[in-house]
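I have placed the structure first, in the form of structure tokens, so that the comments after it can refer back to it.
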Amino acid sequence: MIRPSPARWPRRVDPGAALLALPLVLVFLYFSWGPIVRGLVMSFQQTNFVSGSTWVGWENFTYVLGDPLLPTAIGNTLWYGLLCLVFGFPLPVFLAVVISELRRRKGLYSALAYLPVVFPPVVAILLWKVFYDPSADGLFNTVLGWAGIDPLPWLNTGTTAMPALVLEATWANAGTNVIIYLAALTGVRTELYEAAELDGAGIWRRIWHVTLPQIRGITVVLILLQIIGTAQVFTEPFLFTGGGPDNATMTILLMVYNYAFINGDYGAATALSLMLAVVLCVFAGIYQLATRKLGRDS
Amino acid sequence: MTERAIISDVDLARPLVRHSMRIIRGAVFAGLLVAGAGPMLWLFKAATSDTQDTLRAPFSLWPSGVSWDNLIGAWPRLDMGVYLWNTVVMAAGSWASTLFVCVTGAYVLSVLRPRWGGVLSALVLATLFIPSVVSLVPLYLTVLDLPVTGGSLQNTWLAVWLPAAANAFNVIVIKRFFDALPKELFEAARADGAGPVRMLVSIVLPLSRPILGVVSLLTVVASWKEFLWPLLVLPEPTMQPLSVALPRVAQTSEISLLMAALFIAVLIPVALFLAFQKQFLRGVGLAGGIKG
Numbered sequence: 001m002i003r004p005s006p007a008r009w010p011r012r013v014d015p016g017a018a019l020l021a022l023p024l025v026l027v028f029l030y031f032s033w034g035p036i037v038r039g040l041v042m043s044f045q046q047t048n049f050v051s052g053s054t055w056v057g058w059e060n061f062t063y064v065l066g067d068p069l070l071p072t073a074i075g076n077t078l079w080y081g082l083l084c085l086v087f088g089f090p091l092p093v094f095l096a097v098v099i100s101e102l103r104r105r106k107g108l109y110s111a112l113a114y115l116p117v118v119f120p121p122v123v124a125i126l127l128w129k130v131f132y133d134p135s136a137d138g139l140f141n142t143v144l145g146w147a148g149i150d151p152l153p154w155l156n157t158g159t160t161a162m163p164a165l166v167l168e169a170t171w172a173n174a175g176t177n178v179i180i181y182l183a184a185l186t187g188v189r190t191e192l193y194e195a196a197e198l199d200g201a202g203i204w205r206r207i208w209h210v211t212l213p214q215i216r217g218i219t220v221v222l223i224l225l226q227i228i229g230t231a232q233v234f235t236e237p238f239l240f241t242g243g244g245p246d247n248a249t250m251t252i253l254l255m256v257y258n259y260a261f262i263n264g265d266y267g268a269a270t271a272l273s274l275m276l277a278v279v280l281c282v283f284a285g286i287y288q289l290a291t292r293k294l295g296r297d298s
Numbered sequence: 001m002t003e004r005a006i007i008s009d010v011d012l013a014r015p016l017v018r019h020s021m022r023i024i025r026g027a028v029f030a031g032l033l034v035a036g037a038g039p040m041l042w043l044f045k046a047a048t049s050d051t052q053d054t055l056r057a058p059f060s061l062w063p064s065g066v067s068w069d070n071l072i073g074a075w076p077r078l079d080m081g082v083y084l085w086n087t088v089v090m091a092a093g094s095w096a097s098t099l100f101v102c103v104t105g106a107y108v109l110s111v112l113r114p115r116w117g118g119v120l121s122a123l124v125l126a127t128l129f130i131p132s133v134v135s136l137v138p139l140y141l142t143v144l145d146l147p148v149t150g151g152s153l154q155n156t157w158l159a160v161w162l163p164a165a166a167n168a169f170n171v172i173v174i175k176r177f178f179d180a181l182p183k184e185l186f187e188a189a190r191a192d193g194a195g196p197v198r199m200l201v202s203i204v205l206p207l208s209r210p211i212l213g214v215v216s217l218l219t220v221v222a223s224w225k226e227f228l229w230p231l232l233v234l235p236e237p238t239m240q241p242l243s244v245a246l247p248r249v250a251q252t253s254e255i256s257l258l259m260a261a262l263f264i265a266v267l268i269p270v271a272l273f274l275a276f277q278k279q280f281l282r283g284v285g286l287a288g289g290i291k292g
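Going down the list, the sequences are from chains W and D. Just so you know, we're using UniProt numbering here: the first sequence kicks off at 1 and counts up by one. Just so you know, we're using UniProt numbering here: the second sequence kicks off at 1 and counts up by one.
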């Protein structure tokens, strides 16, 4: 028997559909699609509230690329992203594997791992500022003191400020990835482990040959999302250090903020935003190609 | 049958495996307790201690006694009532506008499926792949001076509520849920002469409580965490939510009062999470599914 796809609704209710879609279309038009297009346009303009906008060609881009602060900001953003990857990538995988091995109280462990994620970032940062008190009585320095280590200046020197931001960010964000890996791990079929065990594979070989290959896909996605997220870091450097000391935590987003909301140079701000977005889109493209290749190979 | 993963009952019979597992489990639990519950408990201690105790002896438990004065004094002295109320208004409005826009949108894309649905779906999905940094400045200028209609939303709640609703992730999560609803129900309702709105209200919404609960929780907590956007569009101090007001207050306030304020600010999201853990963790799992 031939019947039309049951999912199809007849065309005649189109007016009703249009009316119901109106809120979505309007909100996206004004607050999502519109600003994206406007961002593209504005990066080639000089925007002035009094005399309106004038086209300036590539001037905004050459101005931003010539800013002596830009190499510092790019370097700092890369350094931040790299540190976040080094600390933030293995920890959630490890925690998720351990939690998935528990026979009971999985819920308690997961809840504890996720708790920092519900802390509003501003509250967390203001709290961690107290933890990072550089005096010997500071909370973290007291802990270091127990291990016989001299107090660290934390946020007050160029070398320690960035790792301090990364430490807080890792604490604040790891929980999300723990839960996502955990969901992926419960998808690993029990029979695979039983078969591996019958073939004589030990625990390590089961982890290496059964567990890790199963979460490879989600791992690639999470690393990519982390790169895209860390490249746009703002709240931590803004509230912890304001980009200091001596520009050691000046990131690209902080530069965008300063261009737009301190200098009022919207052209430079959108030009820098656009360049960052293009680089991140290239990342997304590489990722698409990589996953397609992985799909073909396996 | 006991559920197993990597390690089987046979493995657990070996003393080396059993003891290693016990040690790893204990270490992980201790670590999670310190990192997960520690800051919250320490914040409570600091909120009920005086400034000197917090700064000089961070690990001593109330050396000069418990002082509830901070938790009471923070309300009038730091205007906590105003900021907390603003945060609640911001979260409630963002929740309402998000649900309204995303539910009607997802319903059109999933159930009504008009001819232009595919294009609209693709346009919504595309915004997920564009880094948010591109639209920050133009979005701010849009809110300052609305195109076509004119007027400014600065220092109005709409400046926060409406952009929050333009959330492709929520549209897609809800649409996927609607996609899985049994189509026969819609056909039967249509045969009974129910119009699209009637069908949304009396069939789709009652069946969608689980997903709407998850999206609601994620939206409220996300709004509670928001910082940069309200900082830009709500420069008027009496309209600012906690996250915008606290860093400003922190510059002049005593540490003891500030700790009490931070404790008050974190209480509601943490309580929401503890009350609805399952829904939260499910929501995060969903996010993983979309991203994967």
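Just so it is clear, CB atoms sit at the ideal spot from N, CA and C, and this is done for glycine as well. Keep in mind it's a predicted model, so treat the numbers as computed, not measured.
Taking 8 Å as the upper bound for CB-CB distance, D:Pro230 and D:Val160 are in contact here, some 6 Å apart. W:Gln46 has W:Thr54 as its beta-bridge partners, per DSSP. At a cut-off of 7 Å between beta-carbon atoms, W:Val220 makes no contact with chain D.
Rounded to the nearest angstrom, the gap between the Cα atoms of D:Ala57 and D:Pro63 is 8 Å. For W:Ile252, the enclosing alpha helix (DSSP H) has its first and last residue at 252 to 257. D:Thr149 carries a coil assignment under DSSP once its states are collapsed to helix, strand and coil. Under the Cβ criterion of 7 Å, W:Arg216 is not counted among the residues facing chain D. Here DSSP, grouped into helix, strand and coil, assigns W:Trp146 to helix. Under the three-pair Cβ rule at 8 Å, the stretch 142 to 154 of chain D counts as touching the stretch 232 to 248 of chain D. The shortest CA-to-CA distance from W:Thr230 to any of W:Pro15, W:Gly66, W:Leu83 is the one to W:Leu83. By the rule that beta-carbons nearer than 7 Å mark a contact, W:Val123 touches chain D. For W:Asn263, no alpha helix (DSSP H) run applies, since DSSP gives it neither H nor E. In terms of Cα proximity to D:Trp224, the closest of D:Val148, D:Leu246, D:Cys102 is D:Leu246. The contact set of D:Phe227 on chain W, defined by CB atoms closer than 7 Å, consists of Pro121, Val122, Thr235 in chain order. The continuous alpha helix (DSSP H) containing W:Ile179 extends over residues 158 to 186. Sequence-distant Cβ neighbours of D:Ile174 in its own chain, meaning closer than 7 Å and more than five residues away, are Cys102, Val103, Ala106, Ile211, Val215. Looking at the backbone, the Cα of W:Met275 and that of D:Ile72 are separated by about 49 Å. Relative to the Cα of D:Phe227, the nearest Cα in the group W:Gln226, W:Ile227, W:Phe238 belongs to W:Phe238.
Of all residues in the stretch 193 to 208 of chain D, the ones placed with a Cβ closer than 9 Å to any Cβ belonging to chain W are Gly195, Pro196, Val197, Leu200, in chain order. The beta carbons of W:Val27 and D:Ala166 sit closer together than 7 Å. The three-state secondary structure of W:Tyr193, taken from DSSP, is helix.
D:Gln277 reaches chain W at Gly107, Ser110, Ala111, Tyr114, counting residues in chain order whose Cβ is nearer than 9 Å. As the crow flies, the alpha-carbon of D:Ile23 is around 38 Å from that of W:Tyr287.
Between W:Pro121 and D:Ala35, the beta carbon gap of about 16 Å keeps them out of contact (Cβ cut-off 8 Å). Close CB contacts of D:Leu207 within its chain, under the 7 Å cut and outside five residues either way in sequence, are with Leu181 (chain order).
In this structure, the beta-carbon distance from W:Thr270 to W:Ser43 falls below 7 Å.
Within chain D, the C-beta atoms nearer than 9 Å to that of W:Trp171 come from Ala35, Pro39, in chain order. With a contact defined as Cβ atoms closer than 8 Å, D:Ala37 and W:Leu112 qualify at about 6 Å.
Sequence-distant partners of W:Ser273 (beyond 5 residues in either direction) whose C-beta falls short of 8 Å from its own C-beta, in its chain, are Gly39, Ser43, Val256. Residues of chain W whose Cβ lies closer than 9 Å to the Cβ of D:Gly105 are, in chain order, Leu20, Ala21, Pro23, Leu24, Val25, Val27, Phe28.
When the Cα atoms are used, D:Thr127 and D:Thr252 turn out to be separated by approximately 41 Å. By the neighbour-count criterion, in which 16 or more other beta carbons inside 10 Å mark a residue as buried, D:Phe280 falls on the buried side. For the stretch 201 to 258 of chain W, the full-length alpha helix (DSSP H) segments reaching 4 residues or more read 203 to 206, 216 to 231, 235 to 240, 252 to 257 along the chain.
Put simply, the CB of W:Gln232 is near chain D, with a gap under 7 Å to one of its CB atoms. Within chain D, the residues placing a beta-carbon under 9 Å from that of W:Leu276 are Pro131, Val133, Val134, ordered along the chain.
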